[in-house]
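Numbering (the working numbering), first residue to last: 1 to 175.
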């Protein structure tokens, strides 16, 4: 009898903890914090975007590269692309050149990494690991020529899967 009571109590505690985490998770993803942009002002990034930026700059620093600074126009373009992929249920770079131009970013060169995840594969760390395990994506994020970055995420339904987060990272070097 005592064993059953302990097991039941443990199950109740685990259920309450799981519900608490799932209730807090959306708020955490939406929480915004201000980071400095290339010109010194500040811009708000959500928790996933900020963590993605920190992972990029940590990898660059460990290899003796300068950190990326956040450019507002690249950030708007990246965010709009992630939102568009969720809304229109697709996963593709599309026309990055035209999108950057539409948001007013005057580039000399640019590149883009995109990814998506859900569940345990939705964290910035999991997405970043995937990029680092890919030669082409790793080359973009470790390229010396890039100093500016825009990071945008959007969460919704993709391909029939709920709570998918799309990640777009636009790298640039202005004219």
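Yeah, the Cβ is synthetic: ideal placement off N, Cα and C, and Gly gets one too.
Residue range of the alpha helix (DSSP H) that residue 61 falls in?
Numbered from 1 along the chain shown, position 61 holds the residue referred to as residue 61. Residues 47 to 62.
For residue 184, which three-state DSSP category applies?
The structure shown does not extend to residue 184, since the chain is modelled only from 1 to 175, so the question has no answer here.
Any chance you could list the beta strand (DSSP E) runs of at least 3 consecutive residues sitting entirely within the stretch 80 to 131, in chain order?
107 to 117
Taking its Cβ as the centre, do 16 or more other Cβ atoms sit within 10 Å of residue 150, making it buried, or is it exposed?
The residue you call residue 150 lines up with position 150 of the chain shown. By the neighbour-count rule (16 or more Cβ atoms within 10 Å), residue 150 is buried.
Quick one, which of 163, 168, 42 and 132 has its alpha-carbon nearest residue 60's?
In the chain shown, counting from the first residue as 1, residue 60 sits at position 60. Among 163, 168, 42 and 132, the Cα nearest to that of residue 60 is on 132.
Buried or exposed for residue 135, going by 16 or more other Cβ atoms inside 10 Å?
Within the chain shown, residue 135 is the residue found at index 135, counting from 1. Label assigned to residue 135: exposed.
Taking DSSP as the reference, what is the three-state secondary structure of residue 168?
Taking the first residue of the chain shown as position 1, residue 168 is located at position 168. It is a strand residue.
So, helix, strand or coil for residue 42, using DSSP?
Here residue 42 is taken as the residue at index 42 of the chain shown, counted from 1. In this structure, residue 42 counts as strand in the three-state DSSP scheme.
How far does the beta strand (DSSP E) with residue 37 in it extend, from its first residue to its last?
As a working mapping, residue 37 is identified with position 37 in the chain shown. Note, residue 37: premise wrong, no beta strand (DSSP E); not H, not E.
In the DSSP assignment, find the beta strand (DSSP E) that holds residue 160 and state where it starts and stops.
In the chain shown, the residue the question calls residue 160 occupies position 160. From DSSP, residue 160 is part of no beta strand (DSSP E); its letter is neither H nor E.
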